[in-house]
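Enquirer: One structure follows; several queries about it will come next.
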Amino acid sequence: SQQGEEDPQALSIQEGENATMNCSYKTSINNLQWYRQNSGRGLVHLILIRSNEREKHSGRLRVTLDTSKKSSSLLITASRAADTASYFCATGYSGGGADGLTFGKGTHLIIQP
Amino acid sequence: DTGVSQNPRHKITKRGQNVTFRCDPISEHNRLYWYRQTLGQGPEFLTYFQNEAQLEKSRLLSDRFSAERPKGSFSTLEIQRTEQGDSAMYLCASSVDYKVQETQYFGPGTRLLVL
């Protein structure tokens, strides 16, 4: 079963606007990562935030993490047509168990030119 | 290109046939992961290797699935007696030792269609 849940499932905005996607998860985590996937292709790693961090920036990306609410958000500023893709959050477990990442279902982002 | 590579990129097979996929991780990455992704869903973890040792298997990995990493470099994922429900994208990822870097780098995937 998938732990993360992204919200919204789909988002369509105009080029130049900001896009915000949210992710909620259920169990304790060691880190949370955001990935981008263009149609039918592999995943590209965007940013990793550890459980003891609250905010992280990378270029036009800003990620926040609230472990008390078990949620994270990804903000893409000044969106471009090339940002059209599916965005997934993925959590890494703390404690034992599989070291594979647990992904949500993703947010499909469409940037209208 | 020094990224993760997967072959073949596409595979069409008939139900009941066996298929094998290959993954070549990034050099010096000692961890290798297999995931499966169906349409409209996020990837689901199948199994991972630390060097040549297979350390964890998801309950999604039925006994028809077997993965190997014989020399701690490339890995193969075999599906025996394929079923239509096996149709999916199979993704491979690699990373350096978990204690140093958790980021997993993904390959382009192998898309399997079982007729």
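Residue numbers (the working numbering), protein chains in the order written: chain A, 2 to 114; chain B, 361 to 475. Don't be surprised by glycine CBs; every beta carbon is placed ideally from N, CA and C. Only a predicted model underlies this, so the values are computations on that prediction, with no experimental measurement involved.
#1: Can you tell me whether DSSP reads residue 445 of chain B as helix, strand or coil?
#2: Assuming residue 347 of chain B contacts residue 101 of chain A (C-beta within less than 8 angstroms), just tell me the rounded distance between them.
#3: Does the beta carbon of residue 3 of chain A come closer than 8 angstroms to any beta carbon on chain B?
#4: For the beta strand (DSSP E) holding residue 371 of chain B, just list the boundary residues, first then last.
#5: Taking only the alpha-carbon atoms, compute the straight-line gap between residue 375 of chain B and residue 471 of chain B and give it to the nearest angstrom.
#6: Is the CB of residue 103 of chain A under 8 angstroms away from at least one CB in chain B?
#7: With distances taken between CB atoms, is the gap from residue 426 of chain B to residue 443 of chain B smaller than 8 angstroms?
#8: Buried or exposed for residue 474 of chain B, please, with buried defined as at least 16 other CB atoms from any protein chain shown within 10 angstroms of its CB.
#9: Roughly how many angstroms separate the alpha carbons of residue 384 of chain B and residue 365 of chain B, rounded to a whole number?
#10: Using the Cα positions of residue 91 of chain A and residue 465 of chain B, report the straight-line distance between them to the nearest angstrom.
#11: If the cut is a Cβ gap below 9 angstroms, which residues of chain A does residue 475 of chain B touch?
#12: What three-state label does DSSP hand residue 91 of chain A in the structure shown?
#13: Spell out whether any CB of chain A is found under 8 angstroms from the CB atom of residue 466 of chain B.
#14: I'd like to know whether the C-beta atoms of residue 463 of chain B and residue 454 of chain B end up nearer to each other than 8 angstroms.
#15: If I follow the unbroken beta strand (DSSP E) through residue 46 of chain A, where does it start and stop?
#16: For residue 429 of chain B and residue 435 of chain B, which I take to be in contact (beta-carbon distance under 8 angstroms), what is that distance rounded to the nearest angstrom?
#17: Taking a Cβ distance cut-off of 9 angstroms, strictly less, list which residues of the region 380 to 411 of chain B are near chain A, in chain order.
#18: Hey, does residue 451 of chain B have any beta-carbon neighbour from chain A nearer than 8 angstroms?
#19: For residue 40 of chain A, does the count of other Cβ atoms within 10 angstroms reach 16, so buried, or fall short, so exposed?
#20: Does the distance between the C-beta of residue 468 of chain B and the nearest non-hydrogen atom of the ligand NAP fall short of 7 angstroms?
#21: Looking at the C-beta of residue 32 of chain A, does it have a partner C-beta in chain B at a distance below 8 angstroms?
#22: Would you report the Cα separation of residue 43 of chain A and residue 369 of chain B, rounded to the nearest angstrom?
#23: Just tell me which of A:18, A:29, A:108 and A:16 has its CA closest to the CA of residue 7 of chain A.
Expert: Considering the structure as presented:
#1: helix
#2: Residue 347 of chain B lies beyond the range of chain B shown here (361 to 475); nothing can be said about it.
#3: Interpretation of residue 3 of chain A is limited by its pLDDT of 49, a score under 50 that renders its predicted location unreliable; the figure taken from the coordinates is listed afterwards. Yes, residue 3 of chain A counts as interfacial toward chain B.
#4: 370 to 373
#5: Their backbone Cα atoms lie some 15 angstroms apart in a straight line.
#6: yes
#7: Not closer than 8 angstroms, so no.
#8: buried
#9: 5 angstroms
#10: 13 angstroms
#11: The premise fails here: residue 475 of chain B is roughly 19 angstroms from chain A at the closest Cβ pair, so nothing lies under 9 angstroms.
#12: strand
#13: Yes, contact with chain A.
#14: no
#15: 44 to 51
#16: 4 angstroms
#17: Residues 391, 393, 394, 395, 397, 400, 401, 402, 403, 404, 405, 406, 407, 408 and 410.
#18: yes
#19: exposed
#20: Summarising the ligand content, the structure contains no ligands, and the ligand NAP is consequently not present.
#21: Cβ-Cβ to chain B under 8 angstroms: yes for residue 32 of chain A.
#22: 11 angstroms
#23: A:108
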